[in-house]
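Read in order, the letters of the sequence shown correspond to residues 33 to 341 in my numbering. We put the beta carbon where it would ideally sit given N, CA and C, even for glycine.
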Amino acid sequence: MEGRQKHTRPRRLAWGAAVLACAAACGAAPASRPSGPPSEPAPSTPAVTTAPPEKEFPAPDEKIPGSAAKLATALEETTEELNASIDAWTEGGSPAPGHPPEDVELLALHQQRIYRYAARHPGLAARAFARLPDGLAAQARDNTAAIRGLLALAHPIKPDAVFKTQQPRPAGELLGYFKKAERRFGVEWEVLAAVMFAETKFGRVRADSHVGAQGPMQFMPATWKAYGMGGDVRDPRDAVMGAANYLKASGAPRDYRRALHAYNPSQAYVDAILLHSRQIKRDPRAYYAYYNWQVYVITTAGERRLTGP
C-alpha cells in the first residue's frame with residue numbers, strides 16, 4: 033500500500049492504544065550551600081516528554097462483536113470516529129486528491145463489515161439498533177436494509193474466478209462529475225453517487241457484469257449506444273453523464289422509482305439506491321464513507337473481499 037496521510041486525534045475506541053503520560057519530578061533545593069566562590073549553575077534538566085504512540089485503528093479483519101450491546105457500541109464508536117476523520121479529510125469542503133487517509137479507509141471498512149454482519153443477522157441487528165441514538169439507528173436500519181437487498185441480487189461465482197479491480201478516481205473528482213450531471217439533467221447527484229456505489233463501488237470494479245454491463249455505471253452496450261452521447265462507457269465522467277441522461281429520459285427527477293427500475297428492473301435495487309441516496313442527503317459525510325467501502329464478491333465457497341487494506 034502506498035504511504036497514506038494519517039490524522040492524529042484522541043482515540044476512544046476499544047482498539048485504540050492507551051496514551052502513556054510521563055511527568056518529571058522536581059527535587060527540592062538544598063537548605064544551604066558550602067562556602068567558597070559561587071559555582072556555575074548546574075544545567076537544567078529538560079522535561080522528559082513522551083510522544084504518544086501511533087494511533088491504532090481497527091484491523092481489516094477485526095472481529096465483529098456477536099452480542100447486541102457490543103455490536104451497538106462498536107457501530108456507534110466506529111461511526112463517530114469515521115465522521116471525525118472525514119471532517120479532517122474534507123476540511124475546507126473538498127478532500128485532498130489521491131488516496132484517502134488510512135484512518136478513513138480502515139474505519140469505513142470496519143463500518144461496512146459491521147453492517148454486512150448485521151444484514152446477515154437481522155434479529156441481532158434489531159436488538160443492537162434499538163440501543164442506538166435515534167439518528168444513528170435510522171441510518172443503521174437504512175444501510176442494513178440496502179445491503180440485505182443487494183446481497184439477495186448477488187450471483188455467486190467460483191472461488192478461483194478472476195475478478196478485475198482498480199483504484200477509483202478521487203472522491204472529489206467524482207463528486208464534481210455527479211454535480212455537473214445534476215446541473216445538466218436535473219438528476220440529484222446523491223442518486224447518481226448511490227448508483228455508482230451500488231454498481232461498482234465508485235469504479236473499483238473493472239469487470240463486465242455477468243450479463244455484459246460495462247463501465248463504472250454498468251451500462252448494457254445497446255443502452256449506452258442510445259444514451260451515452262458518444263462517450264467512453266469506461267470513462268467515469270462520460271459514464272455519469274450517460275447515466276443522468278438515461279435516468280432523466282426514464283422519468284427522473286419526477287419519478288425516481290420508475291427511472292431506477294428502468295436502470296435495473298429490481299425492486300430491491302431501487303430501494304437500495306433510494307436508501308443510500310437518502311443517507312447522503314441527510315449527511316454528506318455518508319458519501320465519503322461509502323466511497324471507502326470495498327468490493328466484496330459472493331463465491332460458492334463464501335464471501336471474499338477483493339479491494340482495500
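| Query | Result |
| --- | --- |
| Reference Asp174, options Pro248, Ala186, Ala157, closest by Cα | Ala157 |
| Residue environment, Leu114, which counts as buried when at least 16 other CB atoms sit within 10 Å | buried |
| According to DSSP, residues forming a beta bridge with Ile312 | In the DSSP output, where bridge partners are listed per residue, Ile312 has none listed. |
| Member of Asp264, Asp315, Tyr322, Tyr209 whose CA lies at the smallest distance from the CA of Leu168 | Asp315 |
| Backbone secondary structure at Gln246 - three-state DSSP | strand |
| Contact under 7 Å by Cβ, Val327 with Thr339 | yes |
| Bounding residues of the alpha helix (DSSP H) (the contiguous stretch that carries Glu108) | 100-121 |
| Contacting residues, own chain, Cβ-Cβ under 6 Å from Tyr149 (five flanking each side not counted) | Ile96 |
| C-alpha distance - Tyr278 paired with Ala170, whole-angstrom precision | 31 Å |
| For Arg337, the residue or residues it bridges with in DSSP | Tyr328 |
| Classification of Thr332 by the beta-carbon crowding that lies within 10 angstroms, buried from 16 upward | exposed |
| Run of the alpha helix (DSSP H) containing Thr232, from where it starts to where it stops | 221-232 |
| Phe89 (DSSP reduced to helix, strand or coil) | coil |
| Test item: CB-CB of Leu139 and Thr110 under 7 Å | yes |
| Distance CB(Tyr320)-CB(Ile118) smaller than 7 Å | yes |
| Beta bridge counterpart(s) of Val302 as assigned by DSSP | DSSP lists no partner for Val302. |
| Cβ pair count under 8 Å reaching 3, the region 176-195 against the region 127-141 | no |
| Expected contact under 8 Å - CB spacing of Glu220 and Pro268 to nearest Å | That pair is no contact at about 18 Å. |
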